[in-house]
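Q:
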Amino acid sequence: MARNLVIVESPAKVKTIKKFLGSNYAVTASNGHVRDLPKSQLGVDPENDYEPKYITIRGKGEILANLRKEVKKADKIYLATDPDREGEAISWHLKQALKLENKKVYRISFNEITKSAVKASLKNAREIDMDLVDAQQARRVLDRVVGYKISPLLWAKVKRGLSAGRVQSVALRIIADREEEINAFIPEEYWSLDANLKVDGEKKLLTAKFYGTKSKKMTIGSKEELDKILSEVEEADYSVEDIKKSGRVKKAPVPFTTSTLQQEASKALNFATQKTMRIAQQLYEGIDIKGNGTVGLITYLRTDSTRISEEADASARAYIGEHYGTEYVAANDTKGKDDKKIQDAHEAIRPSDVTRTPAAMKESLTRDQFRLYQLVWKRFVASRMQPAKYETTSVKIAAGDYRFTVAASKVVFEGFRSVYTEADEEKETGNVLLKGLDMNSKLTRESFDTKQHFTQPPAHYTEAGLVKTLEELGIGRPSTYAPTISTIIARRYVAKENKNLYITELGEVVNNMMKQSFPSIVDVNFTANMESLLDGVAEGKVKWKTIIENFYPDLEAAVKLAEEELEKVKIEDEVTDVICDLCGRNMVIKYGPHGRFLACPGFPDCRNTKPYLEKIGVPCPVCGKDVVIRKTKKGRKYYGCEDNPDCEFMSWQKPSTKKCPRCGSYMVEKGNKLLCGSEKCGYVENKENNKK
């Protein structure tokens, strides 16, 4: 009997696939990559056409030995690694490492681990796609030369084992640029004015928002402007000037891609990107379902396509028709935005079988697995449903020369919303309009609500927001988002607090050095263009070594120039006036994993260290002692009193010695402006006004 061997990446898949294929097939796993570039050297030979030098990954020798034994027994070998570029490269590495040149070797791939998908892949067995392999080789070599050429420079400059990366450095810059934007933001004052109106015959009051004049919308910029408007509308007669009714349609969402799943899981479930990918991997590889054995519940989790197979589409529509009614079934496919960057190699993320409802699977899943599966299932079902329909009403109310408005909407057909609402949408609450309101309604003003507001700076990036930006800019690929974010957090370049990402002091140092010495590496457009070139390799339009040939010499030149400049600005330990308690020497400033600290220069004889608190020359507004630069546990910089914890003063912005002329509070620096530290005041002046 002919013996067939199927090699998959993950041991978790072995049992499931073996069950589908029967006794004629042996199934074993490579446990991911088996070969890679060596860690101890560059592993790329610029003198020999940039040929990469691959070696067996440490610890994989035994796995390869076992695979060789299985290969000897087999007549046909099927390489069933993941259905993406990395999976294609792993198949190629397996073929090389196991010396399969003279064997019958076939590449098979499946988007979901189901019996029909696995059986179909055997019927469509093919050769290894060297274009996909080369695209992955190009990415790996690019990442290696950037990391191994630039990291030693960072080490030399900042005196510790830092690292740089092709995609991580751009991600760090994006966060740093947002931080600069936030720090430079000057809030502007504005006021809101609501009129609470009594409608004849109604018990509830109607709240109308200030709009402006009959001809234009107005923003109330100050208390003086507000008082002027109030004086005119207090005595005005209120009447309904216009009522408009219209319909609005909200389209069903498209199914999840890797990026949108990470974003929605962050918003709806509070999952970090890495956690989302880990749980999605478990759902894809297979869960032991009571009565069914191990079953892959979702399709492949690394994708940037919203395409769905015809079978899955028909199955979802049939399910919706049966459980919700034919009026809920979408007329045609929900299309995502056309995007040239999309590889469209496989489908969107969806349930492998729509009839496996989250409720039916709940007993077999952990809490987190259930929540993520439910999110995927609901989104997919919703994508095949009719739009939600709303009836909207907008009312314009006249008050002398000014106008107020009331807007309300109500759902007239739930459509896809009967299954799925996005995390952001759940927070929206529609205004309920009074039923008795019409053009002849008599209105009486009961009261006004006025509130002072200040415009808000752009929000700090969250993991979800950063993923969205990376995808929009064409930086990285579905498989790279989570590891990129994990790396910059693990390196302490970025701190994560309450979902928000903040650049640390260390991150600022690295980012500034990269911008100064390697501007193209951290240039968003350059990195996005590089991704397009890698896509060109995958499509067979560009030779992969051509990309390296064009990139490497410029990198080499930039590194040499930076080395020369670094020698000129070699940083000596900065001596301080802080005396070592143990030996009496003047302590010096050193860099460590968490930034700067004070150390005794008598090391190793004296090992005394202290936190480094840099004074900014400003007295504490609360107690008068010195304000120093401090850091949170995760490395985010702030300004606090040297007498902490006895004095609790802290500010995210640098305090100034000047007092606010309006309220007497301390002021803070923002770019070339000084702002009052009290949020209620909002006083702003140019910094130059403070210079004599």
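The opening position of the sequence shown corresponds to residue 1 in full-length UniProt numbering, with each subsequent residue numbered one higher.
Built from N, CA and C at the ideal position, the CB exists for glycine as well.
Values in this document were obtained by computation on a predicted structure and should not be read as measured data.
Following the continuous alpha helix (DSSP H) through Ile-182, name the residue where it begins and the one where it ends.
A: Position 182 of the sequence shown, counted from the start, is the residue given in the question as residue 182. 166-184 is the span of the alpha helix (DSSP H), which, as asked, contains Ile-182.
Q: Assuming contact is defined by CB atoms lying nearer than 8 angstroms, are Val-145 and Leu-100 in contact in what I supplied?
A: Residue mapping note: residue 145 aligns to position 145 of the sequence shown, counting from 1. Residue mapping note: residue 100 aligns to position 100 of the sequence shown, counting from 1. No; because the gap between Cβ atoms is not below 8 angstroms, this pair is not in contact.
Q: Return the first residue and the last residue of the beta strand (DSSP E) that Phe-454 is part of.
A: Here the question's residue 454 lines up with position 454 in the sequence shown. Counting along the chain, Phe-454 sits inside the beta strand (DSSP E) bounded by residues 443-454.
Q: Is it right to say Trp-92 is buried, meaning 16 or more other beta carbons lie within 10 angstroms of its own, or is it exposed?
A: Residue numbering aside, residue 92 sits at position 92 when the sequence shown is read from its first letter. It is buried - the Cβ of Trp-92 has at least 16 other Cβ atoms within 10 Å.
Q: For Ser-383, report the span of its beta strand (DSSP E) as first-last.
A: Within the sequence shown, residue 383 is the residue found at index 383, counting from 1. Unbroken run through Ser-383 is the alpha helix (DSSP H), 367-383; no beta strand (DSSP E).
Q: For the beta strand (DSSP E) containing Ile-616, name the first residue and the last one.
A: The residue given as residue 616 occupies position 616 in the sequence shown. Annotation: the continuous beta strand (DSSP E) that includes Ile-616 extends over 614-619.
Q: Can the beta-carbon of Tyr-319 be found closer than 8 angstroms to that of Gly-415?
A: Counted from its first residue, the sequence shown places residue 319 at position 319. Counted from its first residue, the sequence shown places residue 415 at position 415. No, Cβ-Cβ distance for Tyr-319 and Gly-415 is not below 8 angstroms.
Q: Assuming Gly-87 is part of the beta strand (DSSP E), what are its boundary residues?
A: The residue given as residue 87 occupies position 87 in the sequence shown. No beta strand (DSSP E) contains Gly-87, which is instead part of the alpha helix (DSSP H) from 85-97.
Q: Excluding the 5 residues preceding and the 5 following Arg-371 in the sequence, name in chain order all residues of the same chain whose CB lies nearer than 6 angstroms to its CB.
A: Residue mapping note: residue 371 aligns to position 371 of the sequence shown, counting from 1. Contacts found: Leu-269.
Q: Find the nearest neighbour of Thr-469 within the set Cys-660, Gly-682, Ala-135 and Ile-485, judged by alpha-carbon distance.
A: The residue you call residue 469 lines up with position 469 of the sequence shown. The shortest Cα separation from Thr-469 among Cys-660, Gly-682, Ala-135 and Ile-485 belongs to Ile-485.
Q: Between Ile-113 and Val-14, what straight-line distance do the alpha-carbon atoms span, to the nearest angstrom?
A: Here residue 113 corresponds to residue number 113 of the sequence shown, with the count starting at 1. Here residue 14 corresponds to residue number 14 of the sequence shown, with the count starting at 1. Roughly 11 angstroms between the two C-alpha positions.
Q: What residue ranges within the region 502-544 form continuous beta strand (DSSP E) runs of no fewer than 3 residues, ordered along the chain?
A: none
Q: Considering only residues of the same chain and omitting the five flanking positions on each side of Lys-499, which have a CB-CB separation below 6 angstroms?
A: Start at 1 with the first residue of the sequence shown, and residue 499 comes out as number 499. Excluding residues within five positions, the ones whose Cβ falls inside 6 angstroms are Thr-462.
Q: Thr-276 lies in the alpha helix (DSSP H); which residues open and close that run?
A: Here residue 276 refers to the residue found at position 276 when the sequence shown is read from its first residue. It spans 273-285 - the alpha helix (DSSP H) in which Thr-276 sits, taken as one unbroken run.
Q: Can you give the Cα-Cα distance for Ala-272 and Glu-497, rounded to whole angstroms?
A: By one-based count along the sequence shown, residue 272 stands at place 272. By one-based count along the sequence shown, residue 497 stands at place 497. So the two alpha carbons sit approximately 12 angstroms from each other.
Q: Is Leu-94 closer than 8 angstroms to Ile-17 when the C-beta atoms are compared?
A: Locating residue 17 in the sequence shown gives position 17, where the first residue counts as 1. Locating residue 94 in the sequence shown gives position 94, where the first residue counts as 1. Not closer than 8 angstroms, so no.
Q: Using 10 angstroms around the beta-carbon of Asp-554, count the other beta-carbons present and answer buried if the total reaches 16, otherwise exposed.
A: Counting from 1 along the sequence shown, the entry for residue 554 is found at position 554. By the neighbour-count rule (16 or more Cβ atoms within 10 Å), Asp-554 is not buried but exposed.
Q: Cβ of Thr-306 within 8 angstroms of Cβ of Thr-258?
A: If you number the sequence shown from 1, residue 306 lands on position 306. If you number the sequence shown from 1, residue 258 lands on position 258. Contact: no.
Q: Taking the continuous alpha helix (DSSP H) assigned at Pro-483, which residues delimit it?
A: One-based indexing of the sequence shown puts residue 483 at position 483. Per DSSP, Pro-483 belongs to the alpha helix (DSSP H) from 481-490.
Q: Check whether the region 35-49 touches the region 138-156, counting contact only when three or more Cβ pairs, one atom from each stretch, lie closer than 8 angstroms.
A: yes
Q: Kindly list the residues whose CB is nearer than 8 angstroms to the CB of Thr-28, restricted to its own chain and excluding five residues on each side of it in sequence; keep chain order.
A: In the sequence shown, the residue the question calls residue 28 occupies position 28. Hits under 8 angstroms: Leu-5, Val-6, Ile-7, Val-8, Val-14, Asn-66, Leu-67 and Glu-70.
Q: Restricting to Cα atoms, I'd like to know which of Gly-293, Gln-281, Asn-511 and Tyr-190 is closest to Thr-303.
A: Within the sequence shown, the letter at position 303 stands for residue 303. Out of Gly-293, Gln-281, Asn-511 and Tyr-190, Gln-281 has the C-alpha closest to the C-alpha of Thr-303.
Q: Answer with buried or exposed for Gln-346, where buried requires no fewer than 16 other C-beta atoms within 10 angstroms of its C-beta.
A: Translated into positions along the sequence shown, residue 346 becomes position 346. Note that residue 346 is His in the sequence shown, not Gln. Looking at its Cβ environment, which holds 16 or more other Cβ atoms inside 10 Å, His-346 is buried.
Q: Does DSSP classify Leu-67 as helix, strand or coil?
A: Position 67 of the sequence shown, counted from the first residue, corresponds to residue 67. Helix.
Q: Which word fits Ile-548, buried or exposed, when buried means at least 16 other C-beta atoms lie within 10 angstroms of its C-beta?
A: Against the sequence shown, residue 548 aligns to sequence position 548. Under this definition Ile-548 is a buried residue.
Q: Taking the runs of the beta strand (DSSP E) that are 3 residues or longer, which of them lie wholly in the region 205-273?
A: Counting whole runs of 3 or more residues, the region 205-273 contains the beta strand (DSSP E) stretches 205-213 and 238-250.
Q: Let me confirm a value: Phe-603 is counted as buried when at least 16 other C-beta atoms fall within 10 Å, else exposed. Which label applies?
A: For the purposes of this step, residue 603 is identified with residue 603 of the sequence shown, where counting begins at 1. Classification for Phe-603: exposed.
Q: So, with DSSP's three-state summary, where would you put Leu-100?
A: By one-based count along the sequence shown, residue 100 stands at place 100. Reduced to three states, the DSSP call for Leu-100 is coil.
Q: Between the C-alpha atoms of Lys-76 and Val-105, what's the straight-line distance to the nearest angstrom?
A: Within the sequence shown, residue 76 is the residue found at index 76, counting from 1. Within the sequence shown, residue 105 is the residue found at index 105, counting from 1. Taking the straight line from one Cα to the other gives about 6 angstroms.
Q: Near Arg-178, what residues of its chain come up, given a Cβ to Cβ distance below 8 angstroms and the 5 sequence neighbours on each side ignored?
A: On the sequence shown, residue 178 is found 178 positions in, with the first residue counted as 1. The residues are Pro-458, His-460 and Tyr-461.
Q: Tell me whether Cys-580 is buried or exposed, calling it buried when 16 or more other Cβ atoms sit within 10 Å of its Cβ.
A: Start at 1 with the first residue of the sequence shown, and residue 580 comes out as number 580. Cys-580 is buried by the Cβ-count criterion.
Q: Since Asp-82 and Tyr-300 should fall inside the 8 angstroms C-beta cutoff, what is the C-beta to C-beta distance between them, to a whole number of angstroms?
A: Indexing the sequence shown from 1 puts residue 82 at position 82. Indexing the sequence shown from 1 puts residue 300 at position 300. That pair is a contact at about 7 angstroms.
Q: Please classify Ala-156: does DSSP put it in a helix, a strand, or coil?
A: Position 156 of the sequence shown, counted from the first residue, corresponds to residue 156. Three-state result, Ala-156: helix.
Q: Since Ser-192 is in the beta strand (DSSP E), which residue starts that stretch and which ends it?
A: Here the question's residue 192 lines up with position 192 in the sequence shown. Per DSSP, Ser-192 belongs to the beta strand (DSSP E) from 189-199.
Q: Over what stretch of residues does the alpha helix (DSSP H) that includes Tyr-638 continue unbroken?
A: In the sequence shown, counting from the first residue as 1, residue 638 sits at position 638. From DSSP, Tyr-638 is part of no alpha helix (DSSP H) but of the beta strand (DSSP E) over 637-641.
Q: Report the rounded CA-to-CA distance for Glu-189 versus Gln-452, giving the unit in angstroms.
A: Along the sequence shown, one-based indexing puts residue 189 at 189. Along the sequence shown, one-based indexing puts residue 452 at 452. So the two alpha carbons sit approximately 7 angstroms from each other.
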